[in-house]
Structure formats: C-alpha cells, structure tokens
Amino acid sequence: MLISQILDDAETIRVVARNGGKTRIINGARSVYSLAMEAARTGVGLVALIERKGLGETVDLEAAYKKGRLLSPINHPDPAHLHLTGTGLTHLGSAATRDSMHKKLSADGEEQLTDSMKMFRMGLEGGKPAKGQIGVQPEWFYKGNGTMAVAPGAALLSPAFAKDAGEEPEVAGIYVIGDDGAPFRVGFTLSNEFSDHVTERVNYLF
Numbered sequence: 010m011l012i013s014q015i016l017d018d019a020e021t022i023r024v025v026a027r028n029g030g031k032t033r034i035i036n037g038a039r040s041v042y043s044l045a046m047e048a049a050r051t052g053v054g055l056v057a058l059i060e061r062k063g064l065g066e067t068v069d070l071e072a073a074y075k076k077g078r079l080l081s082p083i084n085h086p087d088p089a090h091l092h093l094t095g096t097g098l099t100h101l102g103s104a105a106t107r108d109s110m111h112k113k114l115s116a117d118g119e120e121q122l123t124d125s126m127k128m129f130r131m132g133l134e135g136g137k138p139a140k141g142q143i144g145v146q147p148e149w150f151y152k153g154n155g156t157m158a159v160a161p162g163a164a165l166l167s168p169a170f171a172k173d174a175g176e177e178p179e180v181a182g183i184y185v186i187g188d189d190g191a192p193f194r195v196g197f198t199l200s201n202e203f204s205d206h207v208t209e210r211v212n213y214l215f
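Each step along the sequence shown adds one to the number in the working numbering, with nothing skipped, and position 74 is 83.
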C-alpha cells in the first residue's frame, strides 16, 4: 500500500492511499504522522488501521502534484521535532572518501584504520544483531530538521555561500517515536538529498 498526503482546496491535509487501484482519501486521518502515532498507540498495523478507517472519495494524485499540493511524505506539528538523518553504512563510496581524507601510515608502512573506517566496520560487523542482542551504535549524520524537508516539486533553495548544488537520489526510511520511546517504522520513500559536494571534498566533516 502506498500512502501520501496532500492539501485539498480548503488547505486541509488529506491522507490518501492506493493499493493497486485508485487513490482514495483515508477517512478521519489528519496527517501521516497522526495516523502513524495512532497505529503505534493502539498496537494496530498501519495497513490494518487504514482498512479499519475505510477509504472515501478518489483523488487525482498527479493533478495534486501539478498544482503543488502534494506534501512531503510525513511532517510534524513542530518541525523542530522532525529529524533528517542518515547512516554512513548506506553510503559506501562516502565512507571510502572520508577514510582517504585522514589516512595514516605507521612507521613500517602498514596502513592503520582511521576513526571513520573503524566506525564504519563496527556498523558492518555489529549493525544487525541476533534476536535478543544489542547492536553496535551506528555512525549517524544529521541533515537538519523538518524545516529542511521540501515537498515534491517545490523549489530547492541553495544559500549564497554554497559552492555546489548537487542532488543524490536516496531511499529514505520514515520512523516515528512512540509515547514510550520505541521507534516504529512507517515505511520507505524515494527522496533527494541536496548537498554541496564541492565543500564536502574540502573536509569530510562538512
């Protein structure tokens, strides 16, 4: 099932779903975030919750996109509480670049693992723990909060001091944090990471 959210003509958020057929409004859903939190609180799967609520009138999603009414896959009432993050484990080329930027050689010429590569290998080796075990803390990076999320078709703004405006296709996982602090996966979406690759090459910490 594919879930989206749009603005209707009254500027009200509508959550819509399609499952191999037409796109329809999910009855009583105020946003993807509120729908996901309701699922987390009630212990009901997202698809089951949508089926319980039922679907209403059909929506032309392509027309909504062309009108600029297709919203980001998820938002939060307070954008500061939506975090755009990632892990280097999904950026293999970036890990190699970071490693080469501060690679050292020992006295006998043997290569030593850099801190970046140590963290990367820790994640590869212990990032998927066995059932009941605790995994290694992954290498995370922070891209911003909800104010940085841009809706499909909206303008991508670049600051005047930027040296580059590069796009990176991504598959983003969407999670919400339940009232008890437990994470719940909502799903996945295609996304576009907007980066300054010229500045990034100066220092990987950028």
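Ideal Cβ positions, reconstructed from N, Cα and C, are used throughout, including at glycine.
Classification of residue i by the beta-carbon crowding that lies within 10 angstroms, buried from 16 upward
i      : result
PRO82  : buried
ILE12  : buried
ALA180 : Rather than Ala, the amino acid found at residue 180 in this sequence is Val. That one is exposed.
THR67  : exposed
PHE129 : buried
ILE15  : buried
8 Å contact criterion, which residue i and residue j should meet: CB distance rounded
i      : j      : result
ILE186 : PHE197 : Their Cβ separation, rounded to whole angstroms, is 17 Å, which puts ILE186 and PHE197 out of contact at 8 Å.
GLY95  : LYS140 : The Cβ separation is near 25 Å, so there is no contact.
ASN28  : GLY65  : With a Cβ gap of about 14 Å, ASN28 and GLY65 do not count as contacting.
Backbone secondary structure at residue i - three-state DSSP
i      : result
MET157 : helix
GLY175 : strand
GLU134 : helix
SER125 : helix
ILE59  : helix
PRO192 : strand
ALA89  : helix
PHE150 : strand
The ligand ZN heavy atom lying under 6 Å from the CB of residue i
i      : result
MET131 : The model on display carries no ligand, and the ligand ZN is accordingly not part of it.
8 Å CB neighbourhood of residue i in its chain, flanking five on each side removed
i      : result
PHE193 : ALA45, ALA48, ALA49, TYR184, VAL185, ILE186, GLY187
Span of the alpha helix (DSSP H) around residue i
i      : result
ALA45  : 41-51
HIS206 : 206-211
ALA72  : 70-75
Delimiting residues of the beta strand (DSSP E) encompassing residue i
i     : result
ALA26 : 22-27
GLU66 : 64-67
LEU16 : 11-16
LEU93 : 92-96
Cβ-based neighbour list, residue i, same chain, cut-off 6 Å, excluding 5 preceding and 5 following
i     : result
ILE22 : GLN14, SER40
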